[in-house]
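Participant: According to the numbering used here, the sequence shown is numbered sequentially starting from 261.
I am attaching a structure below and will ask some questions about it afterwards.
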Amino acid sequence: MTVNEDIKQACAVMERGGVILYPTDTVWGIGCDATNEEAVRRVYDIKHRADSKAMLVL
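Dropping the structure here:
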C-alpha cells in the first residue's frame, strides 16, 4: 500500500466515525474527526482520560 492509499484509508475511517493510530516522532498518536462527538468519546475511553481533562486538537 502506498502512503497516498494509507492516507485515503485513514480519512475514510475517520469519515465513518472511526479512530486511527498514526506515528509521530516519539510516540503513536490517536486520531479521529474532532467534530464527531462519538469518535472523540472513543478516544477518551481508549486513553482512560477523564472528561474534565482537555485534549489537544490539531
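Glycine is no exception: its CB is placed at the ideal position from the N, C-alpha and C atoms.
Just to confirm before moving on: does the CB-CB distance between V279 and V263 stay below 9 Å?
Facilitator: By one-based count along the sequence shown, residue 279 stands at place 19. By one-based count along the sequence shown, residue 263 stands at place 3. With contacts defined by Cβ atoms closer than 9 Å, V279 and V263 do not form a contacting pair.
Participant: How many angstroms separate the CA atom of L281 from the CA atom of I267?
Facilitator: Taking the first residue of the sequence shown as 1, we reach residue 281 at position 21. Taking the first residue of the sequence shown as 1, we reach residue 267 at position 7. If I take the Cα positions, the gap works out to 12 Å.
Participant: Could you tell me which of I290, N296 and G277 sits nearest to R309, measuring between CA atoms?
Facilitator: Taking the first residue of the sequence shown as position 1, residue 309 is located at position 49. Considering only alpha carbons, the answer is I290.
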